[in-house]
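Residue numbers (this note's numbering): 41 to 202.
Glycine included, each C-beta is placed from N, C-alpha and C at the ideal position.
The structure appears right after this line, and notes come after that.
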Amino acid sequence: MVKKSHLLFFFALCFLSCKEEDTPKEFFNVDERLHGYFETFEREAAARGMEIDLNEAILTAQISEIQGEGVAGQCSRPQNTLDNDITIDASFLNSNVSDLLKELVIFHELGHCFLQRSHREDEYPNGNCISIMRSGVDGCRDNYNSTFRSIYIDELFDPDSF
Ligand SMILES: [Zn+2]
Numbered sequence: 041m042v043k044k045s046h047l048l049f050f051f052a053l054c055f056l057s058c059k060e061e062d063t064p065k066e067f068f069n070v071d072e073r074l075h076g077y078f079e080t081f082e083r084e085a086a087a088r089g090m091e092i093d094l095n096e097a098i099l100t101a102q103i104s105e106i107q108g109e110g111v112a113g114q115c116s117r118p119q120n121t122l123d124n125d126i127t128i129d130a131s132f133l134n135s136n137v138s139d140l141l142k143e144l145v146i147f148h149e150l151g152h153c154f155l156q157r158s159h160r161e162d163e164y165p166n167g168n169c170i171s172i173m174r175s176g177v178d179g180c181r182d183n184y185n186s187t188f189r190s191i192y193i194d195e196l197f198d199p200d201s202f
């Protein structure tokens, strides 16, 4: 009897966690190549106590060529509308830059378009950027790597603590 209920419990556990991995979340009006990044963004928010559903935001995201050298992404918020429109540069996304750098750019644009954040150029004494919301045109140096990623995401969701 005891064994049977344990078995059931483990099945239930597996069913729940497997289901989550097998069926990626769908995001409306978002290019499906960006869905994984959007899902990671929601998961990182949840890990910090913020339950968010990007489908509830007025948010669109597409991939296309952006004019202007070195522009990897942009967030447009036409005045007098509630629209938030992210464009990720196709050449950038298709290039062989690291997945972390792609994540930085997509999270940066979600920072503008979803979290309504502006640029932040502050840097640590060693010259590393404090935020992934840096504009990229000022001097600070990106340090978004596997060691410091979680600190940058902490800052993204809670800039006042940094
Ligand atoms: Zn920006």
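**Report entry** For Asn-95, the nearest candidate out of Glu-72, Ala-85, Glu-66 and Gln-107 (CA to CA)
**Finding:** Glu-66
Those residues which DSSP pairs with Asp-129 across a bridge:
Ser-104
Val-70 - partner residues in DSSP beta bridges: Ala-101
Kindly list the residues whose CB is nearer than 7 Å to the CB of Ser-116, restricted to its own chain and excluding five residues on each side of it in sequence; keep chain order.
-> Asp-125
| said: I need the straight-line Cα distance from Gly-76 to Phe-147, nearest angstrom please. | reply: 12 Å
Q) Once you ignore the five residues that flank Asp-123 on each side, which residues in its own chain have a CB closer than 8 Å to its CB? A) Ile-98, Thr-100, Ser-116 and Arg-117
query: Out of Gly-167, Gln-119, Asn-136 and Glu-163, which has the shortest C-alpha to C-alpha gap to Glu-195?
result: Glu-163
Arg-174: buried (16+ other C-beta within 10 angstroms of its C-beta) or exposed? buried
| message | Tell me the DSSP secondary structure of Glu-109 in three-state form. | response | coil
- Query: In this structure, does DSSP put Asn-168 in helix, strand or coil?
  - Reply: strand
Coil, strand or helix - Cys-153 by DSSP: helix
Buried or exposed: which applies to Ala-87, given that a residue is buried once 16 or more other Cβ atoms fall within 10 Å of its Cβ?
exposed
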